[in-house]
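So this is what it looks like as C-alpha coordinates:
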(Lines of atoms letter the chains of each structure in order from A and count residues from 1; the text may use other names and numbers.)
(Lines give C-alpha, C1' and ligand atoms only; values in the text may rest on other atoms or scores of the structure.)
Protein backbone atom coordinates (compact mmCIF):
# COMPACT_ATOMS: atom_id res chain seq x y z
CA UNK A 1 0.00 0.00 0.00
CA UNK A 2 1.06 3.53 -0.27
CA UNK A 3 0.72 4.65 3.27
CA UNK A 4 -0.99 7.71 4.70
CA UNK A 5 1.64 10.40 4.03
CA UNK A 6 2.67 9.03 0.64
CA UNK A 7 -0.30 9.80 -1.56
CA UNK A 8 1.42 12.23 -3.91
CA UNK A 9 4.56 13.84 -2.54
CA UNK A 10 7.20 15.85 -4.43
CA UNK A 11 9.76 13.11 -3.69
CA UNK A 12 7.35 10.36 -4.78
CA UNK A 13 4.90 11.71 -7.39
CA UNK A 14 1.92 9.53 -8.20
CA UNK A 15 2.47 9.89 -11.97
CA UNK A 16 5.90 8.26 -11.55
CA UNK A 17 5.15 5.64 -8.92
CA UNK A 18 1.75 4.21 -9.90
CA UNK A 19 2.80 3.01 -13.39
CA UNK A 20 5.81 1.26 -11.83
CA UNK A 21 3.63 -0.39 -9.18
CA UNK A 22 1.05 -1.51 -11.76
CA UNK A 23 3.73 -3.07 -13.97
CA UNK A 24 5.57 -4.70 -11.07
CA UNK A 25 2.39 -6.11 -9.55
CA UNK A 26 1.37 -7.57 -12.90
CA UNK A 27 4.78 -9.17 -13.30
CA UNK A 28 4.55 -10.64 -9.77
CA UNK A 29 1.13 -12.09 -10.54
CA UNK A 30 2.42 -13.63 -13.76
CA UNK A 31 5.46 -15.14 -12.05
CA UNK A 32 3.64 -16.52 -9.00
CA UNK A 33 0.24 -17.30 -10.47
CA UNK A 34 -1.25 -15.62 -7.40
CA UNK A 35 -3.53 -12.59 -7.39
CA UNK A 36 -2.22 -9.47 -5.65
CA UNK A 37 -3.99 -6.39 -4.28
CA UNK A 38 -2.53 -2.90 -4.07
CA UNK A 39 -4.02 -0.32 -1.71
CA UNK A 40 -3.54 3.05 -3.42
CA UNK A 41 -3.87 6.20 -1.37
CA UNK A 42 -6.37 8.57 -3.00
CA UNK A 43 -6.59 10.87 0.02
CA UNK A 44 -6.62 14.55 -0.83
CA UNK A 45 -7.90 17.71 0.82
CA UNK A 46 -10.17 18.39 -2.16
CA UNK A 47 -12.77 15.86 -3.32
CA UNK A 48 -12.25 16.50 -7.03
CA UNK A 49 -8.57 15.65 -6.54
CA UNK A 50 -9.55 12.34 -4.93
CA UNK A 51 -11.67 11.50 -7.97
CA UNK A 52 -8.87 12.50 -10.34
CA UNK A 53 -6.40 10.29 -8.45
CA UNK A 54 -8.79 7.35 -8.43
CA UNK A 55 -9.44 7.58 -12.15
CA UNK A 56 -5.72 7.81 -12.87
CA UNK A 57 -4.86 4.81 -10.69
CA UNK A 58 -7.58 2.61 -12.16
CA UNK A 59 -6.49 3.61 -15.66
CA UNK A 60 -2.90 2.59 -15.00
CA UNK A 61 -3.85 -0.79 -13.53
CA UNK A 62 -6.39 -1.36 -16.34
CA UNK A 63 -3.49 -1.38 -18.82
CA UNK A 64 -2.68 -4.81 -17.36
CA UNK A 65 -6.28 -5.89 -16.77
CA UNK A 66 -5.79 -5.40 -13.03
CA UNK A 67 -8.23 -2.61 -12.19
CA UNK A 68 -10.08 -5.07 -9.92
CA UNK A 69 -6.84 -5.66 -8.00
CA UNK A 70 -6.79 -2.15 -6.52
CA UNK A 71 -8.22 -0.85 -3.28
CA UNK A 72 -8.41 2.84 -2.44
CA UNK A 73 -6.94 3.92 0.87
CA UNK A 74 -8.89 6.88 2.26
CA UNK A 75 -7.42 8.62 5.30
CA UNK A 76 -10.48 9.58 7.31
CA UNK A 77 -8.48 11.83 9.61
CA UNK A 78 -7.64 14.06 6.64
CA UNK A 79 -10.85 13.81 4.62
CA UNK A 80 -13.46 13.15 7.28
CA UNK A 81 -16.45 10.95 6.50
CA UNK A 82 -17.11 12.86 3.28
CA UNK A 83 -13.92 11.42 1.77
CA UNK A 84 -15.27 7.90 2.14
CA UNK A 85 -18.58 9.01 0.65
CA UNK A 86 -16.78 10.62 -2.29
CA UNK A 87 -14.78 7.47 -2.98
CA UNK A 88 -17.79 5.16 -2.66
CA UNK A 89 -20.10 7.23 -4.87
CA UNK A 90 -17.52 7.68 -7.61
CA UNK A 91 -15.97 4.20 -7.47
CA UNK A 92 -18.75 1.84 -6.36
CA UNK A 93 -16.92 -1.29 -7.53
CA UNK A 94 -13.57 -0.50 -5.89
CA UNK A 95 -12.73 -1.86 -2.45
CA UNK A 96 -12.21 0.93 0.11
CA UNK A 97 -9.51 0.76 2.75
CA UNK A 98 -10.51 3.33 5.37
CA UNK A 99 -7.51 4.42 7.40
CA UNK A 100 -7.68 6.41 10.60
CA UNK A 101 -4.10 7.72 10.66
CA UNK A 102 -3.38 10.46 13.13
CA UNK A 103 -5.68 9.17 15.87
CA UNK A 104 -4.96 7.19 18.98
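Residue numbers (UniProt numbering): 1 to 104. For every residue, glycine included, the Cβ atom is placed at its ideal position computed from N, Cα and C.
Taking the alpha carbon of residue i as the point to measure from, which residue in the options has its own alpha carbon closest?
| i | options | result |
| --- | --- | --- |
| residue 61 | 94, 12, 8 | 94 |
| residue 9 | 27, 38, 72, 44 | 44 |
| residue 90 | 26, 67, 51, 39 | 51 |
For residue i and residue j, what's the separation of their Cα atoms in angstroms?
| i | j | result |
| --- | --- | --- |
| residue 47 | residue 85 | 10 Å |
| residue 70 | residue 83 | 17 Å |
| residue 29 | residue 36 | 6 Å |
| residue 92 | residue 74 | 14 Å |
Consult DSSP for residue i and reduce its assignment to one of helix, strand or coil.
| i | result |
| --- | --- |
| residue 37 | coil |
| residue 54 | helix |
| residue 45 | coil |
In the DSSP output, what is residue i paired with across the bridge?
| i | result |
| --- | --- |
| residue 96 | 72 |
| residue 9 | 12 |
Item to complete: Taking 8 Å as the threshold, find out whether the segment 22–41 comes into contact with the segment 78–85 through three or more Cβ pairs.
Response: no
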